[in-house]
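Only one structure is covered here, and it is reproduced in the block below.
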Amino acid sequence: FQQPPPPPPLDFQHQQPPPQDFQQQQPPLQDFQQQQQPPPYGQQPPQQQPYGQQQQQPYGQQQQQQQQPYGQQQSYGGGPVSRQQPGYGAGPPAAAMGAGPGYGAGPSTGMGTPVHQCGGAVVIPVDRLNPYQNRWVVRVRILTKNMRKYSNAKGEGKLFNIDVADASGDIRMTGFNQEADQHYDNIEVGQCYQISGGTLKQANRQYNKTSHQFEVTLNRSSQIEPITDEEGANSIPRQKFNVVTIDRLEAAQDDSFVDILGIIKETDEAITYTNKNGKEVTKRVMQLVDRSGKGVELTFFGDEANDTRFRPEAVMAIKGAKVSSWNTRSLVAFGGTAFEINPDLPEAHTLMGWWRGTGRQMVPQLISIAGTGSGSGQPAQRIFFSDIDERAFGQNTTPDYFEVSCTITHIKTDKRTLWYIACPNCKKKVQGADEQVLDGQCEKCNKAVTGSRRWIFSALCNDASGCRYVSFFDEMGIKLIGKTADELAPLKEQEPATEFDQYFLQRSFQRCVMRCSAKTDTYNEEQRLKITCASFTPVDFVSESRSMLRDIHQMMR
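What the sequence shown shows, in the numbering used here, is residues 5 to 561, in sequence order.
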């Protein structure tokens with residue numbers, strides 16, 4: 005019988021546990037699989053282990069449950085819901101409740117205007133266009149379009165401009181040469197189009213009057229396609245007008261732009277003339293009135309002057325007319341100015357109702373820049389000739405403007421110079437020309453020209469307080485005489501010149517309302533007051549009677 009070996013030292017047992025203790029820390033694979041498998045049908049599942057001894061789930065399963073979005077909880081008894089990541093180019097996943105758009109989603113307008121995809125490009129509101137976008141699409145309505153030719157060091161070319169707008173704002177788009185040939189004839193004002201492609205740059209405020217800080221230059225990649233669905237077209241609003249009443253134009257700044265809604269009271273025929281650059285220009289002058297009781301002269305330049313819809317008693321809404329202060333306060337509309345005739349607007353129907361009721365009988369007073377002082381931004385004052393000296397008209401550095409009701413009693417024909425021979429381009433006097441030979445040298449244009457005669461004469465005008473000599477230049481001279489100086493010049497050469505003098509006598513004793521300027525100038529080292537006719541119209545006696553009645557009522561107050 006042998007004695008058993010002694011047990012190992014105590015410290016060795018604590019430092020290195022036997023292998024069987026380690027095996028108890030991690031159950032065998034078979035036991036782990038049995039824990040994962042559900043019990044057979046009809047048997048109770050094993051009870052949960054006490055806290056701290058629960059089996060931790062594998063990392064992958066735990067992460068799936070944590071990433072599951074709110075509102076998509078897995079069904080009772082089912083396995084965890086897997087989330088498959090979208091492939092490249094797919095649309096963004098549905099956002100969780102209350103969350104904003106995911107990274108890469110299109111911009112939100114913040115104004116309730118939707119932003120969506122169209123063939124890979126983003127359809128966005130006009131006011132969101134900026135130079136940092138590569139692919140974009142806008143759905144807009146055409147407000148205006150115009151085409152013009154240009155010439156520079158590279159040669160001649162052409163360009164077209166269109167002003168477009170949606171519910172968010174407006175912007176100008178420009179196309180040159182090839183783009184002009186491709187798109188211009190297919191674009192119709194007032195219709196809706198889907199436009200894509202083009203580069204954006206800072207707007208040129210000298211020519212661009214839209215509200216957008218940028219403008220679009222169309223290129224070969226640009227596409228302009230009509231919107232054919234009625235619902236889509238109706239969702240794009242029509243032209244917006246920020247209407248200013250005509251009486252407020254008296255305080256408007258020179259060269260500013262305004263929107264006007266008025267009745268065409270009268271209109272001249274379109275005429276074509278040659279400007280100082282030698283180009284033929286078409287223009288038409290008309291008078292607009294509104295419920296303020298005021299009227300303003302509007303001049304259209306360009307192809308729009310030939311519009312056959314311009315007729316008396318039509319309602320016109322015009323956007324972006326330029327305020328001019330040439331002699332009198334007036335409006336100018338160049339090519340591409342947006343306007344509508346008889347627009348379907350509540351304000352237009354109200355204006356027409358006023359016109360048919362009491363407006364037609366009213367004779368409006370045309371606004372003017374007249375008034376003492378600078379003569380800018382003030383209405384023309386109706387005065388008598390005696391007021392000129394009493395109120396020191398014409399003593400300022402700038403002309404004073406006024407309005408007077410008078411009778412033209414005598415046109416001076418005894419003076420040798422009734423006209424001068426002018427350059428057809430700059431209207432300056434031609435040196436070396438005479439009554440027999442109109443050819444000479446224009447010092448301003450620095451070239452030989454064939455001149456034409458332009459009126460420059462004086463007429464004696466009387467009112468109840470006295471009389472004054474008033475100067476008439478070519479445009480007003482033609483309106484008073486009825487003929488050009490070239491047309492009447494042959495009559496003066498006849499002996500005796502009875503027919504020539506008789507023609508002027510027949511034009512005397514016209515009663516008119518005249519708008520004039522008064523300014524002191526120096527001639528032969530002597531100062532003199534010069535009064536010049538800026539415009540005149542024959543007296544409407546009904547209107548004058550009403551005007552005098554208003555004056556009487558004001559005096560009696």
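Beta carbons: idealized from backbone N, C-alpha and C, even for Gly.
To the nearest angstrom, how far is it from the Cα of Ala352 to the Cα of Ile322? 12 Å
Which residue's Cα is closest to the Cα of Gln217: Ser512, Val247, Asp174, Gly179? Asp174
With a 10 Å radius around its C-beta and 16 neighbouring C-beta atoms as the bar for buried, classify Ile250 as buried or exposed. buried
What is the rounded straight-line gap between the Cα of Glu344 and the Cα of Ser260? 20 Å
Report yes if the CB atom of Glu407 is closer than 8 Å to the CB atom of Val517, and no otherwise. yes
Does the count of Cβ pairs from the segment 347-362 and the segment 419-434 closer than 8 Å reach three? no
Going by C-alpha distance, which of Gly398, Asn450, Lys283, Ser200 is nearest Thr536? Gly398
If Ile563 sits next to Arg457, beta carbons under 8 Å apart, how far is it from one beta carbon to the other, in whole angstroms? Summary: the structure shown does not reach residue 563, with the chain confined to residues 5 through 561, and so no result is reported for it.
When DSSP labels each residue in this structure, what does Ala274 get in the three-state scheme? coil
Could you compute how far the alpha carbon of Leu147 sits from the alpha carbon of Tyr197? 11 Å
Beta-carbon contacts of Val142 that lie in its chain and below 6 Å, excluding the five residues immediately before and after: Val130, Ile199
How would you write the range of the alpha helix (DSSP H) that Thr354 sits in, first residue to last? 350-361
Buried or exposed by the 16-neighbour rule on C-beta atoms within 10 Å, applied to Lys149: buried
Could you tell me the distance, in whole angstroms, from the CA atom of Glu499 to the CA atom of Asp505? 11 Å
Could you name the residues of the same chain whose beta carbon sits closer than 8 Å to that of Ser267, not counting the 5 residues immediately before and after it, in chain order? The sequence shown places Ile at residue 267, rather than the Ser named in the question. Excluding positions up to five away in sequence, the list reads Leu292, Val293, Asp294, Glu317, Ala318, Val319, Met320, Leu355, Met356, Trp359, Gly363.
In angstroms with no decimal places, state the Cα-to-Cα distance between Tyr277 and Ile191. 29 Å
Hey, Cys410 and Cys427: beta-carbon distance below 8 Å or not? no
Among Leu370, Met151, Val285, which has the Cα closest to the Cα of Gly306? Val285
Buried or exposed: where does Ser172 fall if 16 or more other Cβ atoms within 10 Å of its Cβ makes it buried? buried
Ordered list of alpha helix (DSSP H) runs contained in the segment 145-189, each at least 4 residues: 182-187
With H, G and I counted as helix, E and B as strand and the rest as coil, what does DSSP make of Lys297? A small correction: the amino acid at residue 297 is Gly; Lys does not occupy that position in the sequence shown. The answer is coil: DSSP assigns Gly297 none of H, G, I, E or B.
I need the DSSP call for Val248, collapsed to helix, strand or coil. coil
If I'm right that Ser334 touches Glu301 with Cβ under 8 Å, what's the distance once you round it to whole angstroms? 4 Å
Which residues share a DSSP beta bridge with His414? Leu464
Could you give the residue range of the alpha helix (DSSP H) that holds Leu492? 489-496
Rounded to whole angstroms, what's the CA-CA distance from Cys465 to Gln369? Just pull it up for me. 21 Å
For Leu204 versus Asn138, is the C-beta distance shorter than 8 Å? no
Does the Cβ of Glu160 have 16 or more other Cβ atoms within 10 Å, making it buried, or fewer, making it exposed? exposed
According to DSSP, is Ala256 part of a helix, a strand, or is it coil? coil
Where Val193 sits in the DSSP three-state scheme: coil
Looking only at DSSP bridge pairs, what is Pro230 linked to? Tyr197
Should the segment 178-187 be called in touch with the segment 219-228, which here means at least 3 C-beta pairs below 8 Å? yes
Spatially closest choice to Arg395 from Ala522, Ala463, Met559, Trp423, by CA coordinates: Ala522
Please classify Arg143: does DSSP put it in a helix, a strand, or coil? strand
Beta-carbon proximity list for Gln531, same chain, < 7 Å, skipping 5 on both sides: Thr524
Assigned exposure category for Pro31 - 16 Cβ within 10 Å defines buried: Model confidence at Pro31 stands at a pLDDT of 48, short of 50, so the residue's coordinates are unreliable and nothing is read from them.
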